[in-house]
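Chains as they are written, first to last, in our numbering: chain F, 37 to 429; chain A, 37 to 429; chain B, 37 to 429; chain U, 37 to 429.
Number of protein chains: 4
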Amino acid sequence: MNVNPTMAILGRRLRLAVIGGGPGSFIGSMHRLAARLDDQYELVAGVMSSDPQRALAAAKEIGLPEDRRYATVAEMLSSERRRQDGADVVAIMTPNDSHFDNAMAALEHGFDVICDKPMTNTVEEAQALHQKATEEQRVFCLTHNYSGYPMTRQARAMVLAGEVGEIRLVQVEYVQGGKADESKPDPTSGPRSWTFDPARNGLSLILGAIGSHAHHLVRFITNLEITEVCAEAGAVVPGRKFDDYTGALLRLMNGARGVFWVTQAAAGVENCLQIRVSGSKGTLEWRQEVPQRLSFRPLGAPAQTRTPNGPGTLDLAKRASRIVAGHPEGFPEGFANIYKDAAEVIASRIAGLDPDPLALHFPTSADGLAGMLFIEAVIRSSRNNSSWEKVFP
Amino acid sequence: MNVNPTMAILGRRLRLAVIGGGPGSFIGSMHRLAARLDDQYELVAGVMSSDPQRALAAAKEIGLPEDRRYATVAEMLSSERRRQDGADVVAIMTPNDSHFDNAMAALEHGFDVICDKPMTNTVEEAQALHQKATEEQRVFCLTHNYSGYPMTRQARAMVLAGEVGEIRLVQVEYVQGGKADESKPDPTSGPRSWTFDPARNGLSLILGAIGSHAHHLVRFITNLEITEVCAEAGAVVPGRKFDDYTGALLRLMNGARGVFWVTQAAAGVENCLQIRVSGSKGTLEWRQEVPQRLSFRPLGAPAQTRTPNGPGTLDLAKRASRIVAGHPEGFPEGFANIYKDAAEVIASRIAGLDPDPLALHFPTSADGLAGMLFIEAVIRSSRNNSSWEKVFP
Amino acid sequence: MNVNPTMAILGRRLRLAVIGGGPGSFIGSMHRLAARLDDQYELVAGVMSSDPQRALAAAKEIGLPEDRRYATVAEMLSSERRRQDGADVVAIMTPNDSHFDNAMAALEHGFDVICDKPMTNTVEEAQALHQKATEEQRVFCLTHNYSGYPMTRQARAMVLAGEVGEIRLVQVEYVQGGKADESKPDPTSGPRSWTFDPARNGLSLILGAIGSHAHHLVRFITNLEITEVCAEAGAVVPGRKFDDYTGALLRLMNGARGVFWVTQAAAGVENCLQIRVSGSKGTLEWRQEVPQRLSFRPLGAPAQTRTPNGPGTLDLAKRASRIVAGHPEGFPEGFANIYKDAAEVIASRIAGLDPDPLALHFPTSADGLAGMLFIEAVIRSSRNNSSWEKVFP
Amino acid sequence: MNVNPTMAILGRRLRLAVIGGGPGSFIGSMHRLAARLDDQYELVAGVMSSDPQRALAAAKEIGLPEDRRYATVAEMLSSERRRQDGADVVAIMTPNDSHFDNAMAALEHGFDVICDKPMTNTVEEAQALHQKATEEQRVFCLTHNYSGYPMTRQARAMVLAGEVGEIRLVQVEYVQGGKADESKPDPTSGPRSWTFDPARNGLSLILGAIGSHAHHLVRFITNLEITEVCAEAGAVVPGRKFDDYTGALLRLMNGARGVFWVTQAAAGVENCLQIRVSGSKGTLEWRQEVPQRLSFRPLGAPAQTRTPNGPGTLDLAKRASRIVAGHPEGFPEGFANIYKDAAEVIASRIAGLDPDPLALHFPTSADGLAGMLFIEAVIRSSRNNSSWEKVFP
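Pasting the structure below:
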């Protein structure tokens with residue numbers, strides 16, 4: 037029987053309140069599933085929508101008790117703070133433009149926070165939020181879920197253990213086809229039309245939606261910052277009013293070089309987040325569409341395929357697998373690993389214990405800030421005819 | 037937001053009681069995870085071990101309330117039957133030799149049953165259990181979880197829709213390496229030594245453990261019975277006292293032919309359950325280790341790779357995916373799909389409604405009986421110098 | 037510059053005479069290409085067809101000098117034997133039923149022989165030919181070309197070097213779709229209708245055509261004989277008068293077990309010859325459709341993908357690659373490797389030298405005889421209700 | 037029997053003279069093998085080395101007749117021009133810095149030319165050579181061999197046929213590991229030390245060696261020019277004096293965008309030339325290391341894997357395959373396809389016939405010029421802090 041760290045530490049599950057994730061939200065279902073998967077959270081309260089009526093209806097639909105179905109965030113935060121059995125942690129899965137307000141309010145009320153990515157819509161908001169989380173000494177977990185897969189963790193662990201050597205080269209791409217259909221170049225109406233509104237989604241829809249994942253994955257695996265970018269963002273589909281691709285050359289803090297490519301206009305491609313990292317001792321390669329495999333090509337020895345819990349699995353990856361080798365876990369388990377580690381750290385904080393250092397690899401507000409700085413630098417470069425721009429000015 | 041059928045039908049979750057799955061049980065954790073994943077079950081009671089003390093300790097550890105931690109199955113079944121808020125369904129995840137007694141007792145108390153595979157240790161038990169489940173008009177769900185993957189369901193749906201044509205050929209293999217290490221040919225001591233005891237595991241350890249999955253997958257995808265076998269079972273590792281491989285030639289009810297190969301002695305192989313089905317219109321191929329891909333090679337047209345929720349996904353597969361295309365689900369989700377469909381059918385039964393026909397593709401006691409008949413025929417053939425033996429005598 | 041062993045040994049190329057391979061012959065073109073590829077042969081003479089007129093026309097078409105375009109085999113063999121600059125070696129690429137006569141005649145005239153597979157149509161012919169080749173001390177090379185791929189040679193070399201341990205399990209399959217189209221179940225007319233005539237193709241069309249390759253590949257990689265079979269051969273396509281599948285259980289000389297599956301009725305499949313060999317130290321896996329990769333899964337260490345000339349390449353595989361790693365060679369090069377090694381051994385024989393032992397891994401008349409014995413045992417078993425039959429009675 | 041176009045047109049093979057390719061030359065062996073493979077060339081003369089003594093020795097070693105083993109290019113060109121049976125075509129496989137002189141001399145003597153890539157070391161030379169080849173109306177074939185693979189030809193043919201729609205996005209990478217070993221960052225001594233000498237290899241070693249292939253492949257498949265680049269070239273291995281990577285953003289003539297990445301410092305990677313092209317109707321993907329597969333993902337339909345001679349193969353690809361589907365051809369056959377088509381066009385020219393338009397897809401001096409313009413623009417951009425530079429100023 038797998039140990040449930042939160043039960044072991046606190047003798048109970050963490051009480052979770054959610055903001056967002058109501059009808060039609062794919063990501064809301066995923067957050068709740070991730071919270072449920074390892075049985076460390078109990079969903080106790082929620083504001084499921086910005087529309088109060090829909091919020092209450094949705095909360096009922098998922099089985100929340102009547103007194104903990106809330107119509108507004110303010111109401112929930114103060115009510116849950118007052119209750120003896122009030123929520124421990126608030127998870128935010130609203131549109132990007134409300135991440136900042138919701139997260140700030142949750143921190144102000146003393147809650148630990150789990151927040152969907154990108155963290156905010158601007159660098160300024162990201163800085164303020166990061167500062168607040170730091171001051172309040174609360175856990176701020178950002179769901180860059182691709183860093184939760186066993187094999188991206190194995191990649192990071194191999195880099196940290198020196199098995200890949202000094203990093204020299206990085207290729208990252210996040211290629212999707214969801215906006216390839218040119219019969220509707222600019223879907224400004226329809227149920228998810230707000231996702232195309234820069235006011236709600238920040239500087240760059242595509243960088244917020246998928247580019248931030250690619251950026252985080254590079255940093256997560258290499259343990260290096262991207263410090264300079266030379267980029268172009270734009271639309272390849274004629275008549276389109278928002279960016280559908282971004283390409284960039286990368287310079288990393290140790291002198292490594294890289295290339296970055298994201299698009300949602302690649303017809304027929306599903307969800308191809310892919311990364312290759314070469315160090316002086318070997319090359320790692322991982323593709324989200326077959327996440328249970330990590331290719332490692334050591335210098336001068338046969339190419340290897342690593343698998344979750346297979347031979348050579350390092351501790352950081354081991355704790356991200358629930359099953360023996362050969363039983364593939366997927367996207368939900370990767371997402372859940374973020375929740376799982378956050379639970380262990382939050383439970384430790386509540387109990388006044390030092391957390392297991394292996395639980396501390398989930399993305400935080402510091403990563404959210406780095407992500408916003410990257411997005412701003414990319415857009416700055418693109419607007420300046422692809423000048424080289426510093427990410428940390 | 038995904039609809040939760042049980043909540044929609046009953047306005048509440050199903051109340052689940054478990055038998056088995058205590059400390060050290062991989063499959064127990066998986067059953068509970070599967071029950072939790074889609075939020076249609078609430079775990080309310082359990083007998084976690086055949087050792088009463090360990091049973092109570094384990095039940096506490098996973099957070100069951102004190103009054104519903106039981107020391108014996110008999111106690112739990114009668115107590116839960118009496119309670120106003122008693123369990124709806126009993127899930128059995130004990131060693132094989134107690135499936136029969138536990139399932140029979142649960143049926144006698146009027147519970148729906150979810151049971152780990154293989155259903156029983158003998159054909160006679162299987163027949164009795166199947167008859168009982170039929171008489172009691174209770175749901176009997178057998179967790180042949182590999183039939184829960186979106187892509188095995190897609191394969192079945194394509195066959196049922198006629199896209200593959202008349203089935204002609206089947207190749208199935210289930211190859212593992214867990215018993216390849218020859219330094220310990222006969223692990224008759226150690227924590228899981230009971231798994232090597234025929235008295236507890238039935239006629240054939242390997243056929244019960246993995247062969248029954250391969251057998252079910254053939255029937256699930258082709259919608260055909262295997263009617264005759266010509267087989268050999270034995271041990272390739274010298275000095276081994278239990279079978280570590282079984283090979284068989286197959287005849288299917290429509291005249292199709294096939295080959296069947298299972299082993300746990302293939303060094304370095306993880307969990308390679310693989311099937312290829314050729315019909316008059318094309319060939320399907322699926323490999324459990326990359327479950328999110330289904331190869332389809334139509335006669336006279338380019339080979340295709342089907343993916344969950346990708347273009348061409350049929351309804352039976354669609355309902356087995358929780359996420360948009362390109363976000364791989366894994367073994368836990370496949371397992372959970374069995375629980376998910378069972379929940380919908382049980383909830384319908386309780387509510388006196390006809391279930392959605394698409395929910396009725398999970399394995400039942402009829403499949404469990406077919407599985408035991410197959411195992412007995414294979415062993416009969418092997419003992420009779422690989423004679424052809426009828427599966428349904 | 038790669039060394040040309042024949043030029044190095046003899047100061048000239050080997051002079052090659054061909055029998056068969058005229059208009060419409062795929063395999064004839066391949067034989068000549070294979071001979072040309074490494075520049076060790078000079079095509080000097082030919083009887084290109086059993087029809088004298090077509091033989092002469094075809095010989096002209098491929099550029100043979102007028103005096104060495106022959107109308108009959110007898111004429112060519114005696115004429116070339118008499119010439120000062122006469123052929124050294126005769127390559128036979130006729131329909132199966134004439135292999136025996138042509139090869140026997142060539143040996144009687146003192147030529148070394150390269151012969152297409154299967155060697156003969158009966159065991160008796162195979163025995164006679166093997167005896168003759170042995171007595172005459174001539175090279176008899178049988179073009180089981182799949183053993184010429186760098187990665188099947190690497191597999192064999194790893195087994196011979198003990199890297200795979202004692203062989204325990206073998207799975208081999210040769211699956212094609214060429215006869216899957218049920219609109220023409222029995223193509224007894226048309227340009228290649230003779231290929232369906234048992235009188236010309238022997239006991240089993242499918243075993244001669246592809247089963248013999250699968251059989252040879254097992255023996256080549258494992259270095260073990262298959263000693264007993266339990267088999268069924270038949271037709272799955274209704275109304276078909278020749279076998280379109282054969283399945284068999286295998287026992288190998290060291291006690292290893294295996295399974296064998298060949299068919300030409302798998303709709304949409306191209307040319308899937310595939311083998312998996314498990315030994316006590318690891319498992320090898322190779323698939324002809326991606327021949328440049330050999331999977332090796334060592335017990336207790338990460339899975340490897342070996343490539344031609346990649347790290348860990350053994351000598352037997354090295355000599356089968358012409359290019360640095362990462363530049364895939366294909367079917368023609370694999371075929372040519374058989375010709376290449378035969379050339380080196382024939383040149384050594386002519387020069388009275390001992391050949392390089394690494395050149396001695398190409399298939400010979402001994403392999404051809406083993407192949408015919410296997411085919412006969414399979415058919416015997418199938419006709420005897422899948423009895424176990426000894427291959428070497 | 038495959039038709040031999042040169043034999044069919046001229047009644048004889050083309051007579052080939054080679055410059056370069058002596059001892060130790062991988063590419064020389066490949067050129068001669070490619071010429072031999074389809075039996076359309078007869079090697080008649082050669083200057084095998086710039087060292088006269090080695091030239092004569094090597095020519096003897098490969099079997100050239102004594103009177104056609106030449107010590108100098110000048111001698112060979114004039115002698116072969118005078119002979120009745122003199123060479124038709126001159127193939128150049130010398131170091132890059134002598135391509136220009138040798139090719140110019142061959143053209144001046146009226147020969148058709150086959151030349152290794154990159155065509156020259158400077159744009160000026162490329163322009164002069166292209167002009168000369170055009171004026172002389174001779175065939176100038178440049179061996180960008182990756183465009184000879186059946187599946188890159190299929191990709192081009194699908195684009196030309198409109199199956200991919202309007203091109204929107206291109207990703208190309210050529211990643212190798214040959215210079216990843218940091219124990220020897222700067223191999224300025226040793227047998228191939230000249231390959232690191234810019235005087236002999238032009239502006240950019242890596243762009244000449246592999247970048248020019250990547251550039252040509254983009255143009256070949258998309259049928260579009262790359263018109264602007266924003267690039268960085270440099271060395272990631274500390275202490276290295278030559279470039280070991282180049283990254284670039286691309287703008288294509290129709291507004292499509294792309295990314296370009298080449299390196300030889302990716303430890304453990306063999307020869308990963310890879311391209312993905314997205315058009316409005318679908319996405320193509322091809323990887324040189326598994327060249328027999330072309331992925332095509334049509335918008336809104338299941339992903340396909342195309343194979344040589346498999347269903348849907350277009351004429352341009354069909355003529356590039358020698359075998360039925362499922363029998364992989366490799367790098368040598370792809371290389372030979374360039375020679376094969378050149379032969380057909382040269383034979384037609386000699387015979388005064390119009391060549392088959394399908395034979396006219398091999399790279400020419402126009403492609404060589406485009407390649408040099410690209411390399412110069414990339415280096416200009418890199419030296420100008422990654423400014424956007426026009427390729428055709």
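Virtual Cβ for every residue (Gly too), placed ideally from N, Cα, C.
Item	Value
Cβ-Cβ separation, residue 348 of chain A to residue 342 of chain A (assumed contact under 8 Å), whole Å	6 Å
Chain-order list of residues whose beta-carbon lies under 7 Å from that of residue 139 of chain U (same chain, five-residue window excluded)	128, 149, 151, 165
Buried versus exposed call for residue 300 of chain F [16 or more other C-beta atoms within 10 Å across all chains shown]	buried
Range of the contiguous beta strand (DSSP E) that encloses residue 307 of chain B	307-315
For residue 410 of chain F, the first and last residue of its enclosing alpha helix (DSSP H)	401-419
Contacting residues, own chain, Cβ-Cβ under 6 Å from residue 91 of chain A (five flanking each side not counted)	83, 84, 85, 107
Coarse secondary structure for residue 159 of chain A, derived from DSSP in three states	helix
Any chain F beta carbon closer than 8 Å to residue 325 of chain A	yes
Nearest residue (CA-CA) to residue 325 of chain F, options A:329, A:55, A:244	A:329
Contact under 8 Å by Cβ, residue 267 of chain B with residue 283 of chain B	yes
When F:395, F:327, F:133, F:186 are compared against residue 158 of chain F, the one with the closest alpha-carbon	F:133
8 Å CB neighbourhood of residue 193 of chain U in its chain, flanking five on each side removed	350, 351, 352, 353
Every unbroken alpha helix (DSSP H) within the segment 41-123 of chain F, with a cutoff of 4 residues, ordered by chain	41-46, 62-73, 88-97, 109-118
Residue 331 of chain A - partner residues in DSSP beta bridges	A:321, A:341
Contacts around residue 265 of chain B, its chain only, beta-carbon distance under 8 Å, and the 5 residues preceding and following it disregarded	284, 285, 286, 287, 296, 410, 413, 414, 417, 424, 425, 427
Selected residue, minimal CA-CA separation from residue 203 of chain B, among B:365, B:397, B:314, B:305	B:314
Contact under 8 Å by Cβ, residue 470 of chain U with residue 256 of chain U	Because chain U spans 37 through 429 in this model, residue 470 of chain U falls outside it and cannot be assessed.
Min CB distance residue 429 of chain F to chain B below 8 Å	no
Per-residue contacts from residue 336 of chain F into chain B (C-beta, under 8 Å)	347
DSSP three-state assignment for residue 167 of chain U, whether helix, strand or coil	helix
Residue 231 of chain F, enclosing beta strand (DSSP E) - first and last residue	Segment: none, residue 231 of chain F is in no beta strand (DSSP E) and carries neither H nor E.
Residues near residue 79 of chain U in its chain [Cβ-Cβ closer than 6 Å; skip 5 each side]	52
Residue 190 of chain U, DSSP secondary structure in three states	helix
Contacts of residue 204 of chain B in chain A (Cβ-Cβ under 9 Å)	216, 218, 272, 273, 280, 281, 299, 301, 302, 303
Distance CB(residue 360 of chain A)-CB(residue 345 of chain A) smaller than 8 Å	yes
Per-residue contacts from residue 342 of chain U into chain A (C-beta, under 9 Å)	338, 339
Alpha-carbon to alpha-carbon, residue 306 of chain U and residue 71 of chain A	46 Å
Residue-chain proximity (residue 292 of chain B, chain A), Cβ-Cβ < 8 Å	yes
Cβ-based burial, residue 167 of chain B [other Cβ within 10 Å; buried from 16]	exposed
Chain-ordered residues of the segment 347-373 of chain F with a beta carbon less than 8 Å from chain A	358, 359, 360, 361, 362, 363, 364, 365, 366, 367, 368, 369
Proximal chain U residues relative to residue 72 of chain B, where beta-carbon distance stays under 8 Å	72, 73, 75
Simplified DSSP assignment, three categories, for residue 37 of chain A	Unreliable placement is indicated for residue 37 of chain A, whose pLDDT of 48 sits below 50; the coordinate value is still reported in the next sentence. Three-state DSSP puts residue 37 of chain A in coil, outside helix and strand.
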